[in-house]
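So the structure is just underneath, and the comments pick up after that.
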Amino acid sequence: MQISLLHYCGLAGLILVYAVLINGYWPTATLMMLEAFWILHAVLLVGSSWWVHRRFPHLALVYFSIGMTLAFMAEAVMSILRHQAAGDIVFYGSTETCCCKWNFILDSKKMDYVGDVMKLSQRLQYIMEQIPAGSRLADIGSDHGLLPVAAVRSGRVPQAVAGEVNDGPLRAAQKQVAEAGLTDRIMVRKGDGLAVIKAHEVDVITIAGMGGALITSILEQGKDKLASVKQLVLQPNVGEDILRRWLMKQQWVLIDEHIMEEDGKIYEILTAVPASASDLKQDELYRPLRLPGSTLVLNRDWLMQLGPLLVNKPNEIFFRKWQLEIRKLQAVLAQVSRSELEAAQHKQEQLRKQIEQLEEVLACLPKDKL
Ligand code: SAM
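In this text, residue positions in the sequence shown follow numbering that gives the first Met the number 0: the first is 0, and each later residue adds one.
What follows is the structure in C-alpha cells.
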C-alpha cells in the first residue's frame, strides 16, 4: 500500500510539472479546451488501469487514482495556476458541452468579480482606460462582451455596440450583456468587422485579441465607417508593425503605446487618433532615432517594428519581448546553419546581422525606466 502511495505521489508530481508547462505554453486555452485535453489523459489512465487490474492490482489502483485526479486537472489549473476563484467554475450537465461550463465567467483570465464589481484582466482594463469618457463605443470581435459590459457598467461610456462574426462568441456576448442587465445600452450585433456599425454611430472603436493583419483588414474594409471615429484602441497579438504601417498610411497618429505582460503573454496596446486631431505629426513620430553609443540609427522600418513611442520609454517587458525575439531568431539560425545550400548561407548572414543589430539596439536603448 505504501509503495502504491509513493507511486501515486511520484506520478502526481510529474503531472503537476506537466500541467505547469502546458499552462505556460498554452495560456489562451479556455476551460473547455483544457477539459478536453485532460479528460483524454484521464480516460487513457483509467483505461490502462482496467487492462492491468487482474495481474497488477496495486498498479491498477495507482493508475485509476491518477486517472481520477486528471479528470479534475482543468479545474485545478484554472483555480490554482490561473487564480480563478473555485466558486466561479460551476459543474452542470449541459447538452452543449457534455461536461462543464462557466457560470457567468466565459474566460477565466479576462474577468472575475470582487463582490458585485467586475474586475477585468489588466489587458482589457488598460484598453478600457484608453476610451475617453462619454464616448460611444464599438468593440469589434467582442467575443465574451466583457469590455463593453465593463465600460458601460463603470459609467465610462453611455452605450456600446459589441460586434461578432462567429455564432459561439456572439451568443456568449449576448448572454453576458443580458446577465449584466444592459440589453438596452449594449447592442450585440452579428457581422464582419465594421459592418456592424453605421457611419457616425460611434466615437471609439476597440479591436483586441486578433492578429495585426486581421485588425488591419477589418479597418481597411470598413474605412468608410471611420470618418467620424475619434479614437482607435487596438491590441494586436502579433504583427504590430503591419498595423502601424496601415495607421500611418491612413493618417492615424499613435498617441499611446503600451506593452504589458499578463499570464506569461506579452501584449501591445496601440491608441491612435486622426492626424487632424493630433498635435504630433507622423514625421515627428517616426523621425529617425540615433541611439546613444551606437552608429545605428533607428529608421522608419525599425520604429514600425519596435513602436515609435515604446522605444522612447522601453520598460522591462519591452526588453523581454525583444530578447525572446532574439532567441527565436537564434533558433531559426541554428536550423538554417544545418543546410549547405547557397540560399541558406545567405539567409544565415541575414539572420546573424538581424540578431547583432537587435542586440545592439537593446544594449543602447535607455534603461532608466526599468
Ligand atoms: N476582443 C476580445 C478580447 O480581446 O478579449 C476577444 C478576442 S477573441 C481572441 C477574437 C474574436 O474576434 C473572436 O471572438 C472572433 O470570433 C472575432 N472575430 C474574428 N474576426 C472577426 C471579424 N472579421 N469581425 C468580427 N469579429 C471577428
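C-beta: ideal position from N, C-alpha, C; glycine also.
Note to self: Per DSSP, what are the beta-bridge partners of P235 in this structure?
What the structure shows: Numbered from 1 along the sequence shown, position 236 holds the residue referred to as residue 235. BP columns for P235 point to M209.
Checklist line | Helix, strand or coil at L119 according to DSSP, with G and I counted as helix | finding: As a working note, residue 119 is residue 120 in the sequence shown. Three-state DSSP puts L119 in a strand.
Item checked: Given E283 as reference, the closest of A274, E359 and S227 once Cα atoms are compared -> Taking the sequence shown and counting its residues from 1, one reaches residue 283 at position 284. Cα-wise, what sits closest to E283 is A274.
Note to self: Would you call the segment 174-183 in contact with the segment 194-202, where contact means no fewer than 3 C-beta pairs closer than 8 angstroms?
What the structure shows: Three or more beta-carbon pairs separated by less than 8 angstroms are not found between the segment 174-183 and the segment 194-202, which leaves the two stretches without contact.
Item checked: For A343, the three-state DSSP class (helix, strand or coil) -> Taking the sequence shown and counting its residues from 1, one reaches residue 343 at position 344. Three-state DSSP puts A343 in a helix.
Note to self: At a threshold of 7 angstroms, does Q234 count as lining the ligand SAM (C-beta to nearest heavy atom)?
What the structure shows: As a position in the sequence shown, residue 234 is number 235, starting the count at 1. Because some heavy atom of the ligand SAM lies under 7 angstroms away, the Cβ of Q234 counts as near it: yes.
Notebook entry, point to check: Do the CB positions of R152 and V201 come within less than 8 angstroms of each other?
Noted result: The residue labelled residue 152 in the question sits at position 153 within the sequence shown. The residue labelled residue 201 in the question sits at position 202 within the sequence shown. The answer is no: Cβ separation not under 8 angstroms.
Checklist line | Beta-carbon proximity check, V232 vs T270, cutoff 8 angstroms | finding: Position 233 of the sequence shown, counted from the first residue, corresponds to residue 232. Position 271 of the sequence shown, counted from the first residue, corresponds to residue 270. Going by C-beta atoms, V232 is nearer than 8 angstroms to T270.
Notebook entry, point to check: N165: beta carbon under 7 angstroms from a heavy atom of the ligand SAM?
Noted result: In the sequence shown, counting from the first residue as 1, residue 165 sits at position 166. Yes.
Item checked: Spatial distance of R155 from Q124 (CA atoms) -> Counting from 1 along the sequence shown, the entry for residue 155 is found at position 156. Counting from 1 along the sequence shown, the entry for residue 124 is found at position 125. Straight-line Cα distance between these residues: approximately 12 angstroms.
Note to self: I'd like to check one pair, A161 with G144: are the Cβ atoms closer than 8 angstroms?
What the structure shows: In the sequence shown, the residue the question calls residue 144 occupies position 145. In the sequence shown, the residue the question calls residue 161 occupies position 162. Yes, the pair counts as a contact, with Cβ atoms nearer than the cut-off.
Checklist line | Cα-Cα separation, T68 to D240 | finding: Your numbering for residue 68 matches position 69 in the sequence shown. Your numbering for residue 240 matches position 241 in the sequence shown. Annotation: T68 to D240 spans about 44 angstroms, alpha carbon to alpha carbon.
Notebook entry, point to check: Do you know offhand how far V335's Cα is from E355's?
Noted result: By one-based count along the sequence shown, residue 335 stands at place 336. By one-based count along the sequence shown, residue 355 stands at place 356. Each residue's Cα considered, the two are about 17 angstroms apart.
Check: What is the rounded straight-line gap between the Cα of R188 and the Cα of L242?
Finding: Residue numbering aside, residue 188 sits at position 189 when the sequence shown is read from its first letter. Residue numbering aside, residue 242 sits at position 243 when the sequence shown is read from its first letter. Going from the Cα of R188 to the Cα of L242 covers about 25 angstroms.
Notebook entry, point to check: Cβ of L213 versus every heavy atom of the ligand SAM: is any distance shorter than 7 angstroms?
Noted result: In the sequence shown, residue 213 corresponds to position 214, counting from 1. Yes, Cβ of L213 sits closer than 7 angstroms to a heavy atom of the ligand SAM.
Note to self: If you reduce the DSSP assignment to three classes, tell me which class E200 lands in.
What the structure shows: Here residue 200 refers to the residue found at position 201 of the sequence shown. Looking at E200 - three-state DSSP - the assignment turns out to be coil, as it is neither helix nor strand.
Notebook entry, point to check: For L288, which residues from the same chain have a beta carbon less than 6 angstroms from its beta carbon, with the 5 sequence-adjacent residues on both sides left out?
Noted result: On the sequence shown, position 289 is the one that residue 288 refers to. By the criterion of a C-beta distance shorter than 6 angstroms, L288 is surrounded in its chain by L297, once the five residues flanking it on both sides are discounted.
Margin query: Do L60 and S3 have their beta-carbon atoms positioned less than 8 angstroms apart in this structure?
Written below: Taking the first residue of the sequence shown as position 1, residue 3 is located at position 4. Taking the first residue of the sequence shown as position 1, residue 60 is located at position 61. Yes; because the gap between Cβ atoms is below 8 angstroms, this pair is in contact.
Notebook entry, point to check: Taking the alpha helix (DSSP H) that V151 falls in, what are its first and last residues?
Noted result: If you number the sequence shown from 1, residue 151 lands on position 152. V151: member of the alpha helix (DSSP H) spanning L145 to R152, first to last residue.
Item checked: T294 versus A212, E359, W37 and G192, residue with shortest Cα-Cα distance -> On the sequence shown, position 295 is the one that residue 294 refers to. Here the closest residue by C-alpha is E359.
Check: What are the boundary residues of the alpha helix (DSSP H) that R299 is part of?
Finding: Here residue 299 refers to the residue found at position 300 of the sequence shown. For R299, the enclosing alpha helix (DSSP H) starts and ends at R299 to L305.
Item checked: The alpha helix (DSSP H) enclosing M136, as first and last residue numbers -> Here the question's residue 136 lines up with position 137 in the sequence shown. It is Leu, not Met, that sits at residue 136 in the sequence shown. Segment R135 to I139 is the beta strand (DSSP E) holding L136; no alpha helix (DSSP H) there.
Next item on the list: Report whether the distance from the Cβ of P168 to the nearest heavy atom of the ligand SAM is below 7 angstroms.
Entry: As a first step, residue 168 is located in the sequence shown; it is residue number 169 there, counting from the start. True, at least one ligand heavy atom lies under 7 angstroms from that Cβ.
Check: Taking Cβ positions, are Y17 and I65 nearer each other than 8 angstroms?
Finding: Reading the sequence shown from its first residue, position 18 is the one you call residue 17. Reading the sequence shown from its first residue, position 66 is the one you call residue 65. It is not a contact, given that the beta carbons lie outside the stated cut-off.
Check: Quick one: what's L288 bridged to in DSSP?
Finding: By one-based count along the sequence shown, residue 288 stands at place 289. Looking at the DSSP output, L288 shares a beta bridge with L297.
Next item on the list: Could you have a look at Q129 and say whether DSSP puts it in helix, strand or coil?
Entry: Against the sequence shown, residue 129 aligns to sequence position 130. Three-state result, Q129: coil.
Next item on the list: Determine the burial state of E95: buried for a count of at least 16 other Cβ atoms within 10 Å of its Cβ, exposed for fewer.
Entry: For the purposes of this step, residue 95 is taken as the residue at position 96 of the sequence shown. Only weak support is given to the placement of E95: the predicted model assigns it a pLDDT of 27, under 50, and the value that follows is read from those uncertain coordinates. Within a 10 Å sphere around the beta-carbon of E95 sit fewer than 16 other beta-carbons, which makes this residue exposed.
Next item on the list: Tell me where the alpha helix (DSSP H) around R319 begins and ends.
Entry: Taking the first residue of the sequence shown as 1, we reach residue 319 at position 320. Residues E315 to S336.
Next item on the list: Given a cut-off of 8 angstroms, decide if Q129 and I268 are closer than it, judged by their beta-carbon atoms.
Entry: Counting from one through the sequence shown, the residue named residue 268 turns up at place 269. Counting from one through the sequence shown, the residue named residue 129 turns up at place 130. Contact flag set, yes.
Note to self: Looking at G210: is its Cβ nearer than 8 angstroms to the Cβ of G238?
What the structure shows: As a first step, residue 210 is located in the sequence shown; it is residue number 211 there, counting from the start. As a first step, residue 238 is located in the sequence shown; it is residue number 239 there, counting from the start. Yes; because the gap between Cβ atoms is below 8 angstroms, this pair is in contact.
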